[in-house]
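K.L.:
For the sequence shown, the working numbering begins at 24 and goes up steadily by one.
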Amino acid sequence: MENQKRLDEFQAKIDAGIKIEPKDWMPDKYRQTLVRQMSQHAHSEVIGMQPEANWLTRAPSLRAKKILMAKIQDEGGHGLYLYCAAETLGVSRDQYIQWLHEGKSKYASVFNYPSPTWADMGAIGWLVDGAAIVNQVSLQRTSYGPYARAMVRICKEESFHQRQGYEIMAEMAKGTPEQKEMAQEALNRWWWPSLMMFGPHDKESSNSGQSMKWGIKLESNDDLRQQFIDKTIPQVELIGLEVPDKNAKLMPNGSYKTSDIDWDEFWNVIKGNGPCNSQRLKHHKKAHDDGAWVRAAAEAYGKKQMELVD
Ligand code: BYC
């Protein structure tokens with residue numbers, strides 16, 4: 024009885040748009056869902072640095088290199104905000120990283136694809152960050168306060184990233200025939216993985232029902248995916264490239280109808296069998312091990328500072 028009363032009060036708070044804060048009572052399942060989603064989100068930001076880092080040393084100009092470096096650094100920062108926000112749920116960052124390394128925690132499937140040409144830097148910024156913005160603008164209204172606040176800052180930065188990517192693609196699309204072809208091939212490579220970022224169809228989405236009731240998710244996977252498609256197809260056409268889907272068709276309601284996603288590919292990548300899954304995790308583990316001395320030094324420095332204050 025007591026528990027039901029608490030659950031009802033909790034739901035009433037959510038329905039009234041009041042944010043849930045770390046010290047507030049929350050059902051275990053609400054906490055667990057946030058632990059899962061926020062840590063996956065944080066891991067995605069950090070693992071997502073890898074496909075772009077591949078091109079840092081080979082950027083075609085100093086300007087392009089500086090911009091790409093700043094963008095990748097932003098993604099690391101997003102990981103940091105999200106790990107901090109996720110730590111307010113009572114799980115340490117070390118634990119989150121251990122779950123990632125043990126394969127118990129996921130990260131966005133899109134980062135398990137390779138980036139073989141410079142045009143992939145354009146496609147990632149434009150499409151991957153573009154898809155992330157659509158999802159994250161919605162998450163700015165999520166019911167858990169620390170997650171919602173982290174999203175506000177992240178969204179501001181992502182919009183620069185999206186423009187950075189689109190600029191690269193627009194430049195290449197109006198360059199030599201080889202450059203235009205490179206841009207088209209990168210668009211072909213990243214189009215479907217970007218659509219997969221939104222998750223399975225609503226009817227296959229095991230978590231959506233409860234997450235939407237609790238205001239963790241505000242819009243469904245399919246609705247957000249459709250918003251992204253409707254926003255992006257005109258951008259493809261504006262720079263003279265082709266949508267990699269022969270069935271894409273503008274409907275009278277102003278929305279595009281598209282072919283279905285290859286869901287076998289999606290589930291296969293999630294299970295760890297994508298082209299770069301093992302490479303991404305291996306690299307993360309090595310970077311984490313190599314950085315042990317930095318964490319130890321920072322901790323020792325912090326301790327020293329505290330002693331001086333005492
Ligand atoms: N990849 O019930 P569902 C960035 C899993 S990074 C992998 O619909 P949910 C950037 C899902 O976890 C920003 N797994 O789940 C960085 C679940 O499995 P479990 C990335 C996926 O959570 C660097 C199962 O499938 N954005 O912008 O209700 C460079 C069933 O799905 C995926 C975020 O992380 C996927 N794509 O909804 C450039 C957004 N989709 O855990 C750019 C935050 C589904 O039950 N996350 N799964 O075993 C979310 O909004 C939601 O978690 C999702 C999925 C919409 C992704």
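Glycine included, C-beta positions come from ideal geometry on N, C-alpha and C.
(1) In whole angstroms, what separates the C-alpha of Gly-314 from that of Ala-321?
(2) For the candidate residues Asp-268, Cys-107, Ala-209 and Ala-193, whose alpha-carbon lies nearest to that of Leu-57?
(3) Taking a contact to mean a Cβ-Cβ separation below 7 angstroms, would you say Tyr-279 touches Ile-239 in this structure?
(4) With a floor of 4 residues, list each alpha helix (DSSP H) that falls wholly inside the stretch 173-242, ordered by position along the chain.
(5) With H, G and I counted as helix, E and B as strand and the rest as coil, what does DSSP make of Leu-264?
(6) Given that a residue counts as buried once 16 or more other Cβ atoms are within 10 Å of its Cβ, and exposed if not, what is Trp-316?
(7) Excluding five sequence neighbours on each side, which residues of the same chain lie with their C-beta closer than 7 angstroms to the C-beta of Glu-110?
(8) Contact between the stretch 67-86 and the stretch 29-39 is defined here as three or more beta-carbon pairs at a separation below 8 angstroms; is this criterion met?
(9) Relative to the alpha-carbon of Ala-206, which residue among Glu-330, Ser-282, Asp-143 and Val-266 has its alpha-carbon at the smallest distance?
(10) Judging by CA-CA distance, which residue of Ile-70, Gln-34, Ala-65 and Lys-46 is the nearest neighbour of Asn-300?
(11) What whole-angstrom Cβ distance do Leu-112 and Arg-54 have, given they're in contact under 8 angstroms?
(12) Comparing alpha-carbon positions, which option in Lys-129, Tyr-170 and Val-133 lies nearest His-101?
(13) Checking the sheet assignment: what are the DSSP bridge partners for Tyr-279?
(14) Cβ-heavy atom distance between Glu-64 and ligand 1 below 6 angstroms?
(15) Do you know offhand how far Glu-260's Cα is from Val-157's?
P.N.:
In terms of the structure at hand:
(1) 11 angstroms
(2) Just measuring C-alpha positions, the residue of Asp-268, Cys-107, Ala-209 and Ala-193 sitting nearest Leu-57 is Cys-107.
(3) Cβ atoms of Tyr-279 and Ile-239: not closer than 7 angstroms.
(4) Taken in chain order, the unbroken stretches of alpha helix (DSSP H) that lie wholly in the stretch 173-242 and span 4 residues or more are 200-219 and 231-236.
(5) coil
(6) exposed
(7) Arg-116
(8) no
(9) If we check each option's Cα against that of Ala-206, Asp-143 comes out closest.
(10) Ile-70
(11) 6 angstroms
(12) The candidate whose alpha carbon is nearest that of His-101 is Tyr-170.
(13) According to the DSSP secondary-structure assignment, Tyr-279 is paired through a beta bridge with Leu-273.
(14) Reading off the sequence shown, one finds His at residue 64, where the question assumed Glu. Checking every heavy atom of ligand 1 against the Cβ of His-64, one is found closer than 6 angstroms.
(15) 20 angstroms
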